[in-house]
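This note's numbering applies: residue 3 is where the sequence shown begins, and numbers increase by one. Every residue, glycine too, gets a C-beta built ideally from N, C-alpha and C.
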Amino acid sequence: EGANQILLGGQACVYLKLVKRINNATKCENPLDKEQFINQNVDIFSGSGKFPGACHITISQNFEAVSHPPSKVPFAICPALKNELDRLIKREDIVKVNEIDSPELY
């Protein structure tokens, strides 16, 4: 029960012209190396990846706010994590939030 059954096989699909078999492949004469590809697409591979402007997210009026405890971070990587978070704050990729119970966060 609930199993799917095949209605048309591959040959029937080709005969009815639902699909077309293409049995040729071409090799690019001058494939781009990584550096050439990046140089030709500078607009994609530069910047921080942020879009201009603000994003507005609409949520349901009857949502229930949930606050999860912070994740435990191994002591050995705490300095590296702090440095990375400070770097992201400096680049304005993230914003430091001091009060998680602030109503504007919900």
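If you draw a straight line from the C-alpha of residue i to the C-alpha of residue j, how long is it?
i: Phe47; j: Asn64; result: 41 angstroms
i: Val97; j: Ala27; result: 49 angstroms
i: Thr60; j: Lys22; result: 44 angstroms
i: Val44; j: Lys29; result: 25 angstroms
i: Ala14; j: Asn6; result: 18 angstroms
i: Pro72; j: Asn41; result: 41 angstroms
i: Glu86; j: Phe77; result: 15 angstroms
i: Glu31; j: Ile24; result: 20 angstroms
i: Lys19; j: Asp88; result: 59 angstroms
What residue does the alpha helix (DSSP H) around residue i start on, and which one ends it?
i: Glu86; result: Cys80 to Lys92
i: Lys36; result: Lys36 to Gln42
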